[in-house]
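Colleague: One structure is given below, represented as structure tokens, and several questions about it will come after.
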Amino acid sequence: MASERRLLKALVLQGGGALGAFELGAIRVLLDERGFRPDLIAGVSIGAVTALLLARPKNGDPLATLEAFWREVAIRADWLIEPLRGYASVFGNPRFYRARTDIWQIASWTSIYETGPLRETLAQLADLEALADPDAMPRLLVTATDVGAGQIQAFDSGDGGMTLDHILASGSLPPSFPMTHFGGRAYWDGGLFDNTPLGEVIARLDPALACKAERAVVVVNLFPNEGAVPTDLQQVSQRMMGLTFANKTASDLKLLRRFNAVAALLEAIREDPRWADLEASEAFTAADKGYIEVPNVVEITRSGALQAGAWSDFSPATIAALAKLGEAAARTAFEAGVGLPSSGADERALAG
């Protein structure tokens, strides 16, 4: 019955430095116009920062907190001529990262900048007590790359809570930013392995309710898959970067739908009395891994070529332009018929 159905929702946010302002615009539409209240928010790099501020805002207002973050990290470089203002952050960003000054130790550097300013900014905007609470909702998921193990590591707030180390680890993109150390391990940016942790999210959307719940995931992509064939070395570099961090959602969903077919076969075997002996076999038990159906996935994707320096252009004009693009892309995604039910006014607030 309709009254027994429960909507399980998630938001997945890519990494991409200053391009994350696109996510701000998309979230304005999701929260204000669609009433979207996710049960789980996942992010990588700047997406992890966005996820933190949405899930654990100190002032209780997710969107206002995210807006405040982008005001804090905007760089007003009026001392530069306009064409160069987008490159001002090469000298550092006072509320995000600063250039290292220990030049005499450059031979042992493993990064160009240090990220103390970002830790301070997030400490002012995020509720760190709630971040440490494993029962706080919505759940928060970030990924980072274990440098020594060479493996992606997912951190789920439900597994003991989190600290700012987890967020900084997810955004420790080399060689710009240093490794983040905690728990005896060293971490780099999660986007080095997978910039769109869709699989990790789907695995957490309550598989016990797979047949009873309608599950929906919104993915905000900062890197479109399609792009022009490069004609010079600068374009080659930009296209290579875009492809490295582009979303793999299509291939992820293709694989997951193949799992769906296996799940359907196992269910048919389970319901047929002729296969009772097979169901009890070790082979059947090993194959029956509780596969879940692929949820409704809505993609909101930034369009346009990746321009040189786009990662680090924190100028107010560019931030505002990217946010507007995010708003337009979100509206277009839903107008295209990729529906997502609006949440009722009586649903719990995003920050739990």
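So for the sequence shown, this note's numbering puts the first residue at 37; every next one is plus one.
The beta-carbon is built from N, C-alpha and C at its ideal position, and this holds for glycine as well.
(1) I'd like to confirm something about Ala57: is its beta-carbon nearer than 7 Å to some heavy atom of the ligand MN, or not?
(2) Could you pull the start and end residues of the beta strand (DSSP E) that Phe218 belongs to?
(3) Quick one: using the 10 Å Cβ neighbour count with 16 as the cut-off for buried, is Ser339 buried or exposed?
(4) Can you check the stretch 180-266 for any alpha helix (DSSP H) of at least 4 residues that lies completely inside it and give the ranges in chain order?
(5) Just the C-alpha distance for Arg73 and Glu307, rounded to the nearest angstrom, thanks.
(6) Beta carbon of Thr137, beta carbon of Met215: below 8 Å?
(7) Taking the alpha-carbon positions, what's the Ala246 to Trp224 distance?
(8) State yes or no: is the C-beta of Ile142 within less than 8 Å of the C-beta of Ser212?
(9) Using the Cβ count rule (16 or more neighbours within 10 Å means buried), how would you classify Lys248?
(10) Which same chain residues end up closer than 8 Å to Leu177 when comparing Cβ atoms and leaving out the 5 residues on each side of it in sequence?
(11) Which of helix, strand or coil does DSSP assign to Ile355?
(12) Please report the distance separating the alpha-carbon of Ile63 from that of Ile305.
(13) Can you find at least 3 beta carbon pairs, one from the stretch 149-166 and one from the stretch 180-190, that sit closer than 8 Å?
(14) Tell me, please, which residues DSSP counts as bridged to Arg162.
(15) Roughly how many angstroms lie between the CA atoms of Glu165 and Val65, to the nearest whole one?
(16) Do you know offhand how far Ala46's Cα is from Pro98's?
(17) Give the DSSP bridge partners of Leu176, in chain order.
(18) Nearest CA to the CA of Thr55: which residue from Asp171, His217, Trp347?
(19) Can you find the residues in the same chain that come closer than 7 Å, C-beta to C-beta, to Ala159, ignoring five residues on each side of it along the sequence?
Modeller: Let's see:
(1) The ligand MN is not part of this structure, which contains no ligands at all.
(2) Taking the first residue of the sequence shown as 1, we reach residue 218 at position 182. 216-218 is the span of the beta strand (DSSP E), which, as asked, contains Phe218.
(3) Counting from 1 along the sequence shown, the entry for residue 339 is found at position 303. Flag for Ser339 reads exposed.
(4) 200-206, 234-238
(5) Here the question's residue 73 lines up with position 37 in the sequence shown. Here the question's residue 307 lines up with position 271 in the sequence shown. Taking the straight line joining both Cα atoms gives about 36 Å.
(6) One-based indexing of the sequence shown puts residue 137 at position 101. One-based indexing of the sequence shown puts residue 215 at position 179. No, they are not a contact pair.
(7) Residue numbering aside, residue 246 sits at position 210 when the sequence shown is read from its first letter. Residue numbering aside, residue 224 sits at position 188 when the sequence shown is read from its first letter. The predicted position of Ala246 is uncertain, since its pLDDT is 47 and thus under 50; a value taken from the coordinates is nonetheless stated next. If you take the alpha carbons of Ala246 and Trp224, they lie about 34 Å apart.
(8) What you label residue 142 is simply residue 106 of the sequence shown in a count that begins at 1. What you label residue 212 is simply residue 176 of the sequence shown in a count that begins at 1. Going by C-beta atoms, Ile142 is not nearer than 8 Å to Ser212.
(9) Along the sequence shown, one-based indexing puts residue 248 at 212. Its pLDDT being 48, under 50, Lys248 is placed unreliably in this model, and the value from its coordinates should be taken loosely. Classification of Lys248: exposed, given that the 10 Å Cβ count is below 16.
(10) On the sequence shown, residue 177 is found 141 positions in, with the first residue counted as 1. The residues are Leu76, Ile77, Ala78, Gly79, Ala87, Ala190, Phe191, Asp192, Ser193, Pro233, Glu236, Val237, Arg240.
(11) Counting from one through the sequence shown, the residue named residue 355 turns up at place 319. Helix, per DSSP.
(12) Sequence index remark: in the sequence shown, residue 63 carries index 27 (1-based). Sequence index remark: in the sequence shown, residue 305 carries index 269 (1-based). Cα-Cα distance, rounded: 43 Å.
(13) no
(14) In the sequence shown, counting from the first residue as 1, residue 162 sits at position 126. It should be pointed out that residue 162 corresponds to Ala in this sequence rather than to Arg. The partner list for Ala162 (beta bridge, DSSP) reads Pro93.
(15) In the sequence shown, the residue the question calls residue 165 occupies position 129. In the sequence shown, the residue the question calls residue 65 occupies position 29. When rounded, the distance between both Cα atoms is 28 Å.
(16) Here residue 46 refers to the residue found at position 10 when the sequence shown is read from its first residue. Here residue 98 refers to the residue found at position 62 when the sequence shown is read from its first residue. The straight-line gap from Cα to Cα measures roughly 15 Å.
(17) Your numbering for residue 176 matches position 140 in the sequence shown. Paired residue(s): Ile77.
(18) Locating residue 55 in the sequence shown gives position 19, counting from the first residue. With the sequence shown as reference, residue 55 is identified as Leu, and Thr is not the correct amino acid for it. Minimum Cα distance to Leu55 is reached at Trp347.
(19) As a first step, residue 159 must be located in the sequence shown, where it is residue number 123. For Ala159, where only same-chain residues beyond five positions count, the Cβ hits under 7 Å are Leu200.
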